[in-house]
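Notes follow once the structure below has been shown.
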Ligand code: WT7
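As structure tokens, then:
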């Protein structure tokens, strides 16, 4: 135990929705008062569908009732909201005061101190650690006191570079306790990527571990932090916790975290925070080379995480909630930490991989921990599907009630397998669409609806207070039921990001200006006759590799830095397991003296050093030149069509500078396809 150590962009890219419909209505209550107790007293609300209508028609009353019921306030807000999407202004529960860690911990310690708050599913199967609400509060308070004693102040930003574990959760909550913002960086990111995020966030404190353990392998995370911090003059101190027994070199700036925590008091005065103070920032990729630090604030985010956690997954008191995402992504923030803990739930924090020590890992864990809601990613489902049903059948999954999916569209085959094999055909699948920007789930089936129809592969229905709209290229709202267009959200909601750190203008330009008056998601979607939504993928140059977002421009920046490379174009292509793979077209400099194998190795080394392993190109095609418009813009659309072997719809090539370039690209691609694959 560790404290004891020392203590598609293209709207057409998806298949049409399948018409197999699954109805889960019979097993669920149809009384809305029972389903949404907070809604009692809303005139005319008789079921979940009318509640959705009510939440849009009387948004302020709806959110007011939810905020009063679900959050504990230090002092009341003076207005429910003050928002203007046209100007990028978003404020919820204006002037209200509260503390997020009090909402996630103290109030549950009062009623059920010994309830398990968190189950740490360590990499080594069978060695889980249970942490009660009282213990998690104590850990959080000790760490809050330590951060304060070491000079971290309200409004500072602390960077957390840790694998999923109780101390990582306590670190997030300790920041919330003392009013510091956290900036969790996924521990798979390289030292360069970490350094960029530390500098942009202007963190002077970093929290990490000596080593990470995943899939039976250890990684020296502290070394990565050292390399990063050496290039960040603002960093004063690095807190180091011990995940393994392996000693680690400590320098002057390093703090032995667990030892120092033991010296601290278990009581820590919570900071009184304004609803709109920053709770955290989280970096994600956009369509330029520079990642953006999306800013989330206190009350609105917490309320939205709590409400969606309860109603999308039909979470009930006593359930064990198993979200297997890493805390380095927004899914880990909202559904491993803030949503479940705000609801006084029991949350699983998963350190391992779906196939360690074998492909039965998830289901063996479900049986051992008696997990009731399982929330995972399509890429893992597709991978496990290939290993066969026997790994699932081996384990008892009768505890499961709801199965969730997130990160990318789930293809019908994976959906059916998840439903039929994993859930034995009896658990609703909730395909949840949302983004780092939205803070919580925005479109998803609602299994507790009286009308609980779910169409495989579709995110289905907007959540309470969410109004999706589809717009055409001219920015006109598509009003017919069945339509395809750019997915926007027409109303502000409490969970939405407020800004991009240090660059509010970029926030406005990216999300508010493309379609004035609407929040633009960057995704495309279809809507059916029945009004159900299906997400088709990104409309910009962002690709989705194994559910992780990466901007093609970020990869190109790195590839172009290679001395042999003149220029490059990176696109996503359909990949069986990852959803999308990374395909790099590379034009070499005339005098470059390098073999393709050397080039492949160089690019792999560079991309994993500058970004992360998951961003490394899967396929590299060396080309003489790239198809460009006369004004010099690379025609990525053409490259995508070539790679998708959709040569009949290359589209309008009239702006192409030199049509010969396309033929060369096609031939080069065919030559690559005829060669045996190289890993
Ligand atoms: C992008 C957001 C939301 C947490 C994980 C990823 C894609 C996400 C779905 C889904 C189709 C989905 C979208 C979105 N996406 N969930 N259920 N169906 N696409 O968060 O890194 O902010 O990425 O992931 O393209 O814009 P993220």
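In this note's numbering, the protein residues as written are 184 to 862.
We put the beta carbon where it would ideally sit given N, CA and C, even for glycine.
Note that this is a predicted model, so its numbers are computed, not measured.
If we define contact as Cβ-Cβ less than 9 Å, is residue i a contact residue for chain D?
i, result
"residue 686", "The structure shown contains no chain D; it holds only a single protein chain."
Round the Cβ separation of residue i and residue j to the nearest angstrom and send it over; I've been treating them as touching at under 8 Å.
i, j, result
"residue 586", "residue 557", "5 Å"
"residue 487", "residue 678", "3 Å"
"residue 385", "residue 340", "6 Å"
"residue 832", "residue 824", "6 Å"
"residue 344", "residue 301", "Actually they are not in contact, since the Cβ atoms of residue 344 and residue 301 sit about 20 Å apart, beyond 8 Å."
"residue 367", "residue 465", "7 Å"
"residue 704", "residue 672", "7 Å"
"residue 254", "residue 648", "Residue 254 to residue 648, Cβ: 16 Å. No contact."
"residue 810", "residue 848", "6 Å"
"residue 472", "residue 736", "5 Å"
"residue 725", "residue 732", "6 Å"
"residue 369", "residue 509", "6 Å"
"residue 549", "residue 580", "5 Å"
Go ahead and label residue i buried or exposed: buried means 16 or more other beta carbons lie within 10 angstroms of its beta carbon, across all protein chains shown.
i, result
"residue 377", "buried"
"residue 287", "buried"
"residue 208", "With a pLDDT of 42 at residue 208, under the threshold of 50, the modelled position of that residue is not reliable, and no figure is offered here."
"residue 882", "An answer regarding residue 882 cannot be provided, because it is not within the stretch 184 to 862 covered by the chain."
"residue 780", "exposed"
"residue 835", "exposed"
"residue 416", "exposed"
"residue 842", "exposed"
"residue 772", "exposed"
"residue 456", "buried"
"residue 151", "Any answer about residue 151 is impossible in this case: the structure gives the chain only from 184 up to 862."
"residue 364", "buried"
"residue 573", "exposed"
"residue 845", "buried"
"residue 210", "Caution is warranted here: a pLDDT of 41 is assigned to residue 210, below 50, making its placement in the model unreliable, and the coordinate value is therefore given only provisionally. Exposed: under 16 other Cβ atoms inside 10 Å."
"residue 452", "exposed"
"residue 450", "exposed"
"residue 220", "exposed"
"residue 226", "exposed"
"residue 656", "exposed"
"residue 830", "exposed"
"residue 746", "exposed"
"residue 357", "buried"
"residue 192", "Confidence in residue 192 is poor, its pLDDT being 25 and thus under 50, which makes the residue's placement unreliable; the coordinate value appears in the next sentence. Buried: at least 16 other Cβ atoms inside 10 Å."
Quickly, what does DSSP pair residue i with across the bridge? List them, please.
i, result
"residue 340", "364"
"residue 467", "475"
"residue 588", "559 and 614"
"residue 264", "275"
"residue 751", "769"
"residue 746", "Paired residues: none, contrary to the question."
Measuring alpha carbon to alpha carbon, tell me which residue in the options is nearest residue i.
i, options, result
"residue 615", "690, 530, 506 and 684", "506"
"residue 436", "546, 426 and 421", "421"
"residue 271", "733, 688 and 805", "688"
"residue 463", "838, 799, 355 and 760", "355"
"residue 598", "590, 612, 607 and 591", "612"
"residue 317", "529, 564, 618 and 715", "529"
"residue 702", "717, 681 and 714", "681"
"residue 309", "544, 778, 426 and 497", "544"
"residue 388", "448, 342, 570 and 398", "342"
"residue 757", "273, 794 and 827", "827"
"residue 761", "668, 440 and 565", "565"
"residue 855", "768, 402 and 269", "768"
"residue 469", "228, 620, 392 and 394", "620"
If you check the beta carbons only, do residue i and residue j fall under 9 Å apart?
i, j, result
"residue 629", "residue 641", "no"
"residue 458", "residue 491", "no"
"residue 851", "residue 804", "yes"
"residue 306", "residue 539", "yes"
"residue 730", "residue 719", "no"
"residue 408", "residue 374", "yes"
"residue 476", "residue 685", "yes"
"residue 336", "residue 362", "yes"
"residue 352", "residue 519", "yes"
"residue 553", "residue 495", "no"
"residue 802", "residue 770", "no"
"residue 609", "residue 666", "no"
"residue 346", "residue 534", "yes"
"residue 423", "residue 412", "no"
"residue 332", "residue 442", "no"
"residue 675", "residue 264", "yes"
"residue 577", "residue 547", "yes"
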